[in-house]
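What follows is one structure encoded as structure tokens, with my remarks underneath.
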Amino acid sequence: MAKYCPRILQSLVYNALYRRLGDSYALNPNDFLNKSVLVIGPAASAHLDLQALDVAGFDIIVKMNNAIHTEINGQVSNPLRCDVLFHSFRGATKPVTAEDLRVAGVKTIVHRTLKRRAFLATLQLEEKFRSVAQMRIVPVHKYVTVSKQLAGHAASTGMICAEFFLHAPVSRLALVGFTFFSTRYVNGYDDTIVSDEIALARIETIDYHSPVHEARLMYELIAKAQLAGKNIYISETMQQAMDFMRLRDPNKPAKDKDI
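Next up, the structure:
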């Protein structure tokens, strides 16, 4: 459609599609009522973090992007297990097939819809994966709200995922494998990042996400959730990375682009 339609017509179509169907695709927090949820970030520390948990004891395991292809350790029958997958399906992410989803046991895909124009891709992905998993989104206005809280930077997929579950009525939430881009990834996620120094330098050079602002916002959201009586667990390595990163000087302008 982008090839043959004038830009203004494309915008009208995207907006009309989103207004008509967007709400019906919104991920519902109540779907996780009284569920124990484990969110596994892509940092190399994830394997160490998981050693402190009974992974098999969680009702829902959540992963992001290329983590659909990475194994988890722990007493689980399926090391690729992923019940809910947050994914952008663009940029440098690896291809995902229906068989990948089936093997991992994915029940729900949450497509990254930073802007309304991304919703057309949501519908196309639904057609592709309809036989395997349901397609959902976090509404566009949530990305806008969180971006404002991040001083105009785009929220990472992990940030949006954590923000959603920190507000959901879960019985227990564990967050592991998050180091706010300050370390390399778990093996198989992005093997071009071979050191912690390269990981941090890359994200600061791109200047799209803000590790500092995400660490600060995550700290605030976790504190509020715990104060409200929610059962929230964060790994020691995540706590250390969050404390380190949120005290840094952000001092970098945001850029309006998507990767």
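Going by the numbering used here, the sequence shown opens with residue -11, and the numbers climb by one from there. Backbone N, C-alpha and C define an ideal beta-carbon position, used for all residues, glycine too. Keep in mind that this is a model prediction, so the values were computed, not measured.
- Annotation for A139: H201 place their beta carbon closer than 6 Å to its own, counting only its chain and skipping 5 residues before and after.
- In this structure, T167 lies near A31, with their beta-carbon atoms less than 8 Å apart.
- The C-beta of R172 has 16 or more other C-beta atoms within 10 Å across all chains shown, which makes the residue buried.
- DSSP, read as helix, strand or coil, puts R172 in coil.
- Per DSSP, reduced to three states, the secondary structure at T96 is strand.
- The C-beta of G176 has fewer than 16 other C-beta atoms within 10 Å across all chains shown, which makes the residue exposed.
- Here the segment 216 to 228 does not lie against the segment 176 to 192, with fewer than 3 beta-carbon pairs under 8 Å apart.
- Beta bridge pairing from DSSP links I220 with L161.
- Residue state for S135 is assigned as helix, using DSSP reduced to three classes.
- DSSP, reduced to helix, strand and coil, places K82 outside both helices and strands of the structure shown, so it counts as coil.
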